[in-house]
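Residue numbers (my numbering): 7 to 394. Comments concern the structure below.
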């Protein structure tokens, strides 16, 4: 059975060195987390599995690694400066801030989730989620820049560069993994919603008439990856198409791959049909040609884009939750994580079984050939007990 609560996984993650609160000796900082020795290995393995599936095993997708800080006009053209915001409300009593969408019911009637008082919410206001910074020594308006809230725009502004250097034909994709930042109003539920996170995004460029076919393909392909390659239980994952009033400003259709977290069903990955919104917006704002020359027709077209996008941190959380099991023993209970071998942070363990001092067995390590002296050496398989 999966983990019964987010708190159980958070405690296990800290106890076993997967994830620690960032800056913990100073009280921590909401929405920021540090990965420990086991966590950094698991996270790396999740990213490697995604990169293999999306880039290395395919001949129609290439990768890039764009900058975190980009020209501010990128975010103006993409609509993030004007529209990347969430409606928020403040409680006048306890002074905490909440997403309006997380509060169910009329604001003048519901109770504050923190202090319990009713009728204390302000009217909803738009709150931009981008982190603002300054480039150069002067903190003035001309130097304002933003930490990217997604990696996708780095792909779109490099579309012509990739097209020229790789001489790709439609359909083809550009993939990227990297850090992104969102000034979330209410980060929480451990690493479910962070202010600093890693994204795994791929933009697949297709002829406009093939838009629906490729959208359906990527929805099914990404669902298959989660169940078959990552090992998520098929009974705890589902597809949920967005209603028209849920769609982002750039999307014609979106389907979420949702997982049944302890907090309920929520997005694990989204597959969005971004049409030609981004390429057309950047072409208009920059004055550069971002079209594709179709040799078959002898004309230029602006490709449509299908985007599968997921977060690495939420993927790690999902893997931990889904792999969790409490095994009942004769005298106690131990926790076991049923991880796919290619995801496991440690592949095998070297265990001392006679109760002796591990230092007395150092000669066995020295006797191993160089290729067998690392921490993944296979001398004996076993599971570490996690007694409660």
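Backbone N, C-alpha and C define an ideal beta-carbon position, used for all residues, glycine too. Please read these numbers as outputs of a predicted model, since none were measured by experiment.
DSSP-derived helix/strand/coil call for residue i
i, result
"residue 133", "strand"
"residue 306", "strand"
"residue 114", "coil"
"residue 160", "helix"
"residue 128", "coil"
"residue 104", "strand"
"residue 215", "helix"
"residue 123", "coil"
"residue 282", "coil"
"residue 251", "helix"
"residue 377", "Below a pLDDT of 50, predicted positions are generally treated as unreliable, and residue 377, at 44, falls in that range; the measurement from the model is reported next regardless. Reduced to three states, the DSSP call for residue 377 is helix."
"residue 390", "The predicted model places residue 390 with a pLDDT of 46, which falls under 50 and marks its position as unreliable; any figure quoted below should be read in that light. Coil at residue 390, not helix or strand."
"residue 192", "coil"
"residue 223", "helix"
"residue 60", "helix"
"residue 256", "coil"
"residue 109", "coil"
"residue 332", "strand"
"residue 230", "helix"
"residue 87", "helix"
Boundaries of the beta strand (DSSP E) in which residue i is found, first to last residue
i, result
"residue 45", "It is not in any beta strand (DSSP E) - residue 45 instead sits in the alpha helix (DSSP H) that spans 43 to 57."
"residue 266", "259 to 267"
"residue 180", "178 to 187"
"residue 68", "67 to 69"
"residue 300", "298 to 300"
Environment of residue i [buried if 16+ CB atoms lie within 10 Å]
i, result
"residue 167", "exposed"
"residue 291", "exposed"
"residue 154", "buried"
"residue 236", "buried"
"residue 61", "buried"
"residue 100", "exposed"
"residue 159", "buried"
"residue 196", "buried"
"residue 206", "buried"
"residue 183", "buried"
"residue 304", "exposed"
"residue 331", "exposed"
"residue 252", "exposed"
"residue 185", "exposed"
"residue 108", "exposed"
"residue 110", "exposed"
"residue 201", "buried"
Beta-bridge partners of residue i, as assigned by DSSP
i, result
"residue 346", "For residue 346, which the question treats as bridged, DSSP gives no partner whatsoever."
"residue 75", "153"
"residue 95", "104"
"residue 40", "26"
"residue 140", "150"
"residue 292", "BP columns for residue 292 are empty, so no partner."
"residue 272", "265"
"residue 206", "183 and 316"
"residue 245", "263"
Spatial distance of residue i from residue j (CA atoms)
i, j, result
"residue 256", "residue 203", "22 Å"
"residue 230", "residue 315", "15 Å"
"residue 216", "residue 131", "39 Å"
"residue 137", "residue 59", "31 Å"
"residue 128", "residue 193", "20 Å"
"residue 35", "residue 29", "7 Å"
"residue 177", "residue 321", "27 Å"
"residue 266", "residue 57", "25 Å"
"residue 247", "residue 135", "24 Å"
"residue 354", "residue 47", "14 Å"
"residue 259", "residue 32", "44 Å"
"residue 9", "residue 343", "10 Å"
"residue 149", "residue 44", "40 Å"
"residue 208", "residue 289", "20 Å"
"residue 103", "residue 273", "23 Å"
"residue 243", "residue 142", "46 Å"
"residue 222", "residue 312", "10 Å"
"residue 270", "residue 264", "10 Å"
"residue 80", "residue 357", "54 Å"
"residue 220", "residue 67", "14 Å"
"residue 281", "residue 87", "20 Å"
"residue 284", "residue 162", "7 Å"
"residue 73", "residue 156", "11 Å"
"residue 70", "residue 165", "10 Å"
"residue 306", "residue 299", "4 Å"
Residue i: first and last residue of the uninterrupted alpha helix (DSSP H) it sits in
i, result
"residue 328", "318 to 329"
"residue 165", "165 to 172"
"residue 352", "Here residue 352 belongs to no alpha helix (DSSP H), and DSSP marks it neither H nor E."
"residue 4", "Outside the modelled stretch of the chain, which goes from 7 to 394, sits residue 4, for which no answer is possible."
Any non-hydrogen atom of the ligand NAD closer than 6 Å to residue i Cβ
i, result
"residue 152", "For the structure depicted, the ligand NAD is absent and the ligand set is empty, with no information on it obtainable."
Cutoff 7 Å: residue i Cβ touching any chain B Cβ
i, result
"residue 263", "The chain inventory of the structure shown lacks chain B, comprising one protein chain alone."
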